[in-house]
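Take a look at the structure below.
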DNA sequence: TATTTCCAGACAAAGTTGGTCTTCTTTCTC
DNA sequence: GAGAAAGAAGACCAACTTTGTCTGGAAATA
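Residue numbers (this note's numbering), protein chains in the order written: chain A, 101 to 272; chain B, 101 to 272.
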């Protein structure tokens with residue numbers, strides 16, 4: 101009952117592209133180091149994203165990845181499902197439409213309801229909106245006792261990102 | 101991103117008890133064969149359910165399990181979490197409150213929103229309500245091309261259950 | 001006391017997750 | 001055309017989780 105690292109990393113990768121001017125080609129290890137993701141693992145994930153049509157890959161020197169679709173119209177649901185496969189809480193509906201358990205299908209119905217809720221949340225959220233808000237801590241800040249987003253002490257924030265990580269929404 | 105068999109079986113086990121008169125003691129292998137679950141696996145699961153206080157166990161001949169709380173007030177959320185542990189979509193909030201990824205916490209917020217939706221569905225559904233409705237196929241019957249709940253051809257439905265599986269809600 | 005039932009824990013096979021590594025192929029630059 | 005630089009593809013792998021099984025014991029009952 102978790103989102104896998106792969107799904108999470110895929111989203112982070114796309115968000116890294118979305119933060120940049122549209123069409124920019126970015127190398128894998130730039131993205132990977134920016135988000136602290138193992139390069140080769142991210143490579144595998146971006147292969148999925150390429151096949152799914154979210155990004156275009158360019159080989160050779162000056163190569164890298166660039167967004168193929170506008171981040172405004174890429175939903176989290178699409179991304180996650182392109183990496184992890186269809187979101188499904190139970191096996192009943194996919195494997196076999198009728199489950200053999202006595203009270204099984206009442207459960208299947210419930211699971212499928214919960215599943216749809218998740219899908220709905222993911223379907224109405226885009227890569228762009230996530231990139232924009234960046235730090236939605238306003239509502240659960242107190243729970244964690246945090247005053248805002250932190251970064252690793254010895255690790256400088258890349259220059260081109262400082263503007264974004266101090267975006268107006270966050271400060272207010 | 102799935103409910104485990106263990107969680108599913110646990111629910112089915114409780115539902116099997118809830119179908120019977122309150123307080124009835126039922127042996128593990130009765131429940132197991134009724135729901136087609138491996139006995140020893142179900143045994144492990146019922147150990148959890150016992151510890152969590154949903155059922156009471158009795159040893160020796162005439163032993164078995166009986167519901168300790170009313171099925172009306174046992175929620176699916178409680179049951180699932182007692183077996184699988186807390187429902188959590190991401191690691192951000194549990195492991196470390198601040199994630200090191202660049203756009204990470206926007207994602208964490210989203211995941212936690214989806215997670216809450218699931219919890220909400222599970223928290224407002226009780227073992228009793230599931231047992232009552234039994235077959236919520238009315239709304240996705242057409243998708244599967246089914247005309248109603250099936251049971252294995254050679255496998256007779258236990259007598260005491262026939263009434264329930266043809267409950268009024270289902271027929272209408 | 002014998003039998004029946006659950007309890008507790010060790011064990012294990014299979015699948016999934018989270019990667020790494022190597023060997024291409026493509027593209028760019030000199 | 002020769003390198004070098006970058007992604008592509010696939011084999012591989014360690015660790016963990018899931019889904020069980022099995023054995024020996026403990027308690028309750030007949």
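Ideal placement from N, C-alpha and C gives every residue a C-beta, glycine not left out.
Next item on the list: Compare the C-alpha of residue 129(A) against each of 224(A), 173(A) and 165(A) and name the closest.
Entry: 165(A)
Item checked: Alpha-carbon spacing of residue 258(A) relative to residue 187(A), whole angstroms -> Reliability fails at residue 258(A), whose pLDDT of 39 lies under 50, so the model's placement of it is uncertain and the value that follows must be treated cautiously. Answer to the nearest angstrom: the Cα atoms are 34 Å apart.
Notebook entry, point to check: What did DSSP end up calling residue 168(A) once you bin it into helix, strand or coil?
Noted result: coil
Next item on the list: Please classify residue 172(B): is it buried, with 16 or more other beta-carbons within 10 angstroms of its beta-carbon, or exposed?
Entry: exposed
Note to self: Against residue 225(B), what residues of chain A qualify as contacts under a CB-to-CB distance less than 8 Å, listed in chain order?
What the structure shows: 210
Check: Just how far apart, CA to CA, sit residue 132(A) and residue 227(A)?
Finding: 18 Å
Item checked: Neighbourhood of residue 163(A) by C-beta distance below 6 Å, restricted to the same chain and skipping five residues each side -> none
Notebook entry, point to check: Can you tell which of 184(A), 168(A), 109(A) and 211(A) has the C-alpha that lies nearest to the C-alpha of residue 138(A)?
Noted result: 109(A)
Check: Residues of chain A with CB under 8 Å from residue 101(B), in chain order?
Finding: 101, 102, 103, 104, 184, 187, 188 and 189
Next item on the list: Output yes or no for whether 8 Å exceeds the beta carbon distance between residue 176(A) and residue 210(B).
Entry: yes
Note to self: Please report whether the beta-carbon of residue 249(B) lies at a distance below 8 Å from any beta-carbon of chain A.
What the structure shows: Reliability fails at residue 249(B), whose pLDDT of 37 lies under 50, so the model's placement of it is uncertain and the value that follows must be treated cautiously. Yes, because at least one Cβ of chain A sits closer than 8 Å to the Cβ of residue 249(B).
Note to self: What does the alpha-carbon distance come out to for the pair residue 222(B) and residue 107(A)?
What the structure shows: 24 Å
Next item on the list: With DSSP collapsed to three states, give me the class of residue 161(A).
Entry: coil
Item checked: Under the three-state DSSP convention, the category residue 156(A) falls into -> strand
Margin query: Against chain B, with Cβ distances strictly below 8 Å, would residue 214(A) count as a contact?
Written below: yes
Check: Buried or exposed: where does residue 327(A) fall if 16 or more other Cβ atoms within 10 Å of its Cβ makes it buried?
Finding: The shown model of chain A, from 101 to 272, leaves out residue 327(A), and the question about it has no answer.
Next item on the list: Step through the CB atoms of chain B and report whether any lies within less than 8 Å of the CB of residue 128(A).
Entry: no
Margin query: Run through chain A and tell me which residues come within less than 7 Å of residue 230(B), C-beta to C-beta.
Written below: 203, 206, 207 and 210
Check: With 16 other CB atoms within 10 Å as the buried threshold, where does residue 233(B) fall?
Finding: buried
Check: If you follow the alpha helix (DSSP H) that residue 130(A) is part of, which residue opens it and which one closes it?
Finding: 128-135
Notebook entry, point to check: With 16 as the cutoff for other CB atoms within 10 Å, does residue 122(A) come out buried or exposed?
Noted result: exposed
Check: Quick one: does the C-beta of residue 181(B) sit closer than 7 Å to a heavy atom of the ligand MG?
Finding: Here there are no bound small molecules, and the ligand MG is not part of this structure.
Item checked: Beta-carbon separation (whole angstroms), residue 180(A) vs residue 145(A), contact threshold 8 Å -> Not really, about 11 Å apart at Cβ, beyond 8 Å.
Note to self: Using beta carbons (cut-off 8 Å, strictly below), is residue 108(A) in contact with chain B?
What the structure shows: yes
Notebook entry, point to check: Using a Cβ-Cβ distance under 8 Å, would residue 233(A) count as near chain B?
Noted result: yes
Notebook entry, point to check: Using the rule of at least 16 other Cβ atoms within 10 Å of the residue's Cβ for burial, across every protein chain shown, is residue 278(A) buried or exposed?
Noted result: Since the first and last residues shown for chain A are 101 and 272, residue 278(A) lies out of range.
Next item on the list: Taking 8 Å as the cut-off, decide whether the C-beta atoms of residue 155(B) and residue 112(B) are in contact.
Entry: no
Check: Is the Cβ of residue 154(A) closer than 8 Å to any Cβ of chain B?
Finding: no
Check: With respect to the alpha helix (DSSP H) encompassing residue 185(A), which residues constitute its N-terminal and C-terminal limits?
Finding: Per DSSP, residue 185(A) belongs to no alpha helix (DSSP H) and is neither H nor E.
Notebook entry, point to check: alpha helix (DSSP H) containing residue 125(A): first to last residue?
Noted result: Careful: residue 125(A) lies outside any alpha helix (DSSP H) and carries neither H nor E.
Next item on the list: For residue 141(A), count neighbouring Cβ atoms within 10 angstroms of its own Cβ and tell me buried if that reaches 16, exposed if not.
Entry: exposed
Next item on the list: Could you pull out every residue in the same chain whose Cβ sits closer than 7 Å to the Cβ of residue 174(A), ignoring the five residues on either side in sequence?
Entry: 114, 154, 226 and 227
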